[in-house]
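Okay, structure first, notes after.
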Amino acid sequence: MLQGAYVSMSVGFVSVGISVLIGVIIGGISGYYGDRNIGLITFLSLLLLIAGIILIISSNRSLGLLLSCLGVISLLLKKTRFLKQMDRQFIDVDSFIMRIVDIMLCFPSFFLILTVVVVLPPSIYNIMIVIGVTSWMGTARFVRAEFLALRELDFVKAAKLLGLSDMKIIFVHMLPNAIGPVLVSATLGVASAILVEAGLSFLGLGVPPPHATWGNILSDGKNYLFDAPWLTFIPGFTIMLVVLSFNLFGEALRDMVNPKLKS
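Numbering (the working numbering), first residue to last: 16 to 278.
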């Protein structure tokens, strides 16, 4: 049970860290640059580069390196005559990113994770990455909403007038003021990630042996349900208790960050 707690909690925290990182970056770009356009070639190059990095981190390094190289080459060659003309076709950054978020939200997260897990080789790191990569949408929407409100405030306009760089405005002035809802979302996300990992491990698609997780223990104990019911009761009750604790902590943190919601 102790090893199962370590593995399950590790999967929960690491996967939420990945989802928060992706959500903050994408939501920040959408919220801060929401009224701007980006060239088609520049956008596609960045998309290839991000997809390549994600594949390199997961398992398909050859395809990831190929996509990353294509993204870098297209960025370097976008000043050529043909690509320069294509780069003059602009895309609304905010609308495009939000449509991607809407498309991903159309699919149930658990079934989306099941589809990806079947393709990738079984590994604890792949489980962390898959859960993180498929659960960033809520964080992105929170960050976007906060950035859209913050960029109209006086201190952000003053920072722009002083000539501060966009990166300094985003990370020094805006992100600290938008971190409250992100922390609440991350706390609730840990509970969701632990529950998803337990479900995958129970179905035999999660963390492979010899690693023990609460889902694996629950799956093994179901064969002795009548002879030794504690083998399923203890891990099941532990999962329920941990998930409930994180949810209650997330709600308390939400009330502390925004007291108006409490009333």
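Don't be surprised by glycine CBs; every beta carbon is placed ideally from N, CA and C.
query: Might you give, ordered along the chain, the residues of its own chain that have their beta carbon closer than 8 angstroms to the beta carbon of residue 89, omitting 5 neighbours on each side?; result: 56, 59, 60, 63 and 98
query: Given residue 68, which residues of its chain have a CB within under 8 angstroms of its CB, disregarding the five upstream and five downstream residues?; result: 79 and 83
query: Which residue wins for smallest C-alpha separation from residue 263, given the options 86, 160, 170 and 201?; result: 201
query: Is the separation between the beta-carbon of residue 15 and that of residue 22 shorter than 8 angstroms?; result: Residue coverage of the chain in this structure runs from 16 to 278, which leaves residue 15 outside it and unanswerable.
query: State the Cα-Cα distance for the pair residue 215 and residue 81, rounded to the nearest angstrom.; result: 31 angstroms
query: Could you tell me how far apart the beta carbons of residue 42 and residue 148 are, in whole angstroms, since I believe they sit closer than 8 angstroms?; result: Not confirmed; about 15 angstroms, so no contact.
query: When the distance is taken between beta carbons, is residue 197 closer than 8 angstroms to residue 35?; result: yes
query: Whose C-beta lies closer than 6 angstroms to the C-beta of residue 231 among residues of the same chain, with five residues either side of it excluded?; result: 216
query: Mapping the DSSP letters down to three states, classify residue 178 as helix, strand or coil.; result: coil
query: Can you round the beta-carbon distance between residue 38 and residue 154 to whole angstroms, since I take them to be within the 8 angstroms contact cut?; result: 3 angstroms
query: Looking at residue 209: is its Cβ nearer than 8 angstroms to the Cβ of residue 144?; result: no
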